[in-house]
Amino acid sequence: METILNYFETIPSSHRSIILVGGLTFFWLLEGAIPLFKFNYKKWQHALPNIFFTLTTVVINFALAFLLLKTADWVVENNFGVLNWLPEMNIWLYGILGVFLMDFFGAYLPHFVEHKIKPLWMIHLVHHSDHKVDTTTANRHHPIESLIRFTFTLLGVLVIGTPIAIVMLYQSMSLVATQFTHANIKMSKKIDKALSYVLVSPDMHKVHHHYVLPYTDSNYGNIFSVWDRLLGTYMELDREQIVYGVDVFPDEKENSNIKDLLKQPFQKYKKPTTLV
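Structure representation (structure tokens):
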């Protein structure tokens, strides 16, 4: 673990780019070989708006990265935050606990809040309005949402007392995890189920992308499934019943247009449907 943390403490931007592009390429090829759903779509055309929003997320995170570094350095120097208040522990436990807690503050918590506060939900809808969920959907987030999620990540660093090495390790794991769980890949149901007891599995997350409530408001986790299970937001739905998209913005053509997606948070929508 010490070697891992030393690497991520000074990970070059080029290496982070390799993780992003490499993961996207790997799951893109894998979902072409073993697809869960055989979408009738032009894969590159579908990917364009999603890649656009991936790039806006990268730009925003890069522009604000100095805040993460400054905050991480401050908590270490001032012995501030949960990790710094706990008794000294094994470095493996220290690293795993840091990533585990960052997953709550950086992923589960903002995701949950975005579903519960209407203005934030309107922003988050850009992610849910993809009718053909695949690995490119992973970072399909409106630029405003990228700012919101960065703010929660920054809060996490402050509360947890996370050093920059764990922050970078968490963000790298989070990136690969979300590419994996959104990828249109077909795994054995038994393997998927077993995986979901600890980690977020593809089938587990795709329930969250079902187009109506209450399934849309479930399975908020990104890396660890434990948060959903502990906090009562875990739900199951057979993969064959999943329908992607969101009922309040059903027009697939508009939901594939970058201009319309940028305006989506500021538009009216019809009352959501709830399954009884």
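For the sequence shown, our numbering gives the first residue as 30, with consecutive numbering after it.
We put the CB at the ideal spot given by N, CA and C, even for glycine.
- Task: Return the CA-CA distance between residue 92 and residue 203, expressed in angstroms with no decimal places.
- Result: Taking the sequence shown and counting its residues from 1, the one referred to as residue 92 is at position 63. Taking the sequence shown and counting its residues from 1, the one referred to as residue 203 is at position 174. Taking the straight line from one Cα to the other gives about 19 Å.
- Message: Suppose contacts are defined by Cβ-Cβ distances below 8 Å. Is residue 173 in contact with residue 294 by that definition?
- Response: The residue given as residue 173 occupies position 144 in the sequence shown. The residue given as residue 294 occupies position 265 in the sequence shown. Their beta carbons are under 8 Å apart, which means residue 173 touches residue 294 by this criterion.
- Which residues in the same chain as residue 138 place their Cβ atom closer than 7 Å to its Cβ, once the five residues preceding and following it in sequence are excluded? Along the sequence shown, one-based indexing puts residue 138 at 109. Correct list, in chain order: 181.
- Item | Burial state of residue 226 (16 or more Cβ within 10 Å) | Locating residue 226 in the sequence shown gives position 197, where the first residue counts as 1. Its Cβ having fewer than 16 others within 10 Å, residue 226 is exposed.
- Query: Count the other CB atoms within 10 Å of the CB of residue 270; is the residue buried (16 or more) or exposed (fewer)?
  - Reply: Translated into the one-based positions of the sequence shown, residue 270 becomes position 241. Residue 270 is exposed by the Cβ-count criterion.
- Classification of residue 78 by the beta-carbon crowding that lies within 10 angstroms, buried from 16 upward: As a working mapping, residue 78 is identified with position 49 in the sequence shown. So residue 78 ends up on the buried side.
- Item | Residue closest to residue 34, alpha-carbon to alpha-carbon, out of 192, 205 and 290 | Locating residue 34 in the sequence shown gives position 5, where the first residue counts as 1. The residue with the shortest Cα to Cα distance from residue 34 is 192.
- Query: Mind checking residue 32: buried by the 16 CB within 10 Å criterion, or exposed?
  - Reply: Counting from 1 along the sequence shown, the entry for residue 32 is found at position 3. Per the 10 Å Cβ criterion, exposed.
- Task: Indicate the three-state DSSP secondary structure (helix, strand or coil) for residue 109 in the structure shown.
- Result: The residue labelled residue 109 in the question sits at position 80 within the sequence shown. If DSSP states are grouped into helix, strand and coil, residue 109 belongs with coil.
- Message: Mapping the DSSP letters down to three states, classify residue 279 as helix, strand or coil.
- Response: Walking along the sequence shown from the start, residue 279 turns up at place 250. Reduced to three states, the DSSP call for residue 279 is coil.
- In terms of residues, what are the limits of the alpha helix (DSSP H) holding residue 51? Along the sequence shown, read from residue 1 onward, the residue named residue 51 stands at position 22. 42 to 62 is the extent of the alpha helix (DSSP H) around residue 51.
- Task: Report the rounded CA-to-CA distance for residue 40 versus residue 136, giving the unit in angstroms.
- Result: Here residue 40 corresponds to residue number 11 of the sequence shown, with the count starting at 1. Here residue 136 corresponds to residue number 107 of the sequence shown, with the count starting at 1. For residue 40 and residue 136, the distance between alpha carbons rounds to 22 Å.
- Name the DSSP bridge partner or partners of residue 239? As a working note, residue 239 is residue 210 in the sequence shown. Bridge partners of residue 239: 273.
- Query: Quick one: any contact between the region 205 to 214 and the region 55 to 73, if contact means 3 or more CB pairs under 8 Å?
  - Reply: yes
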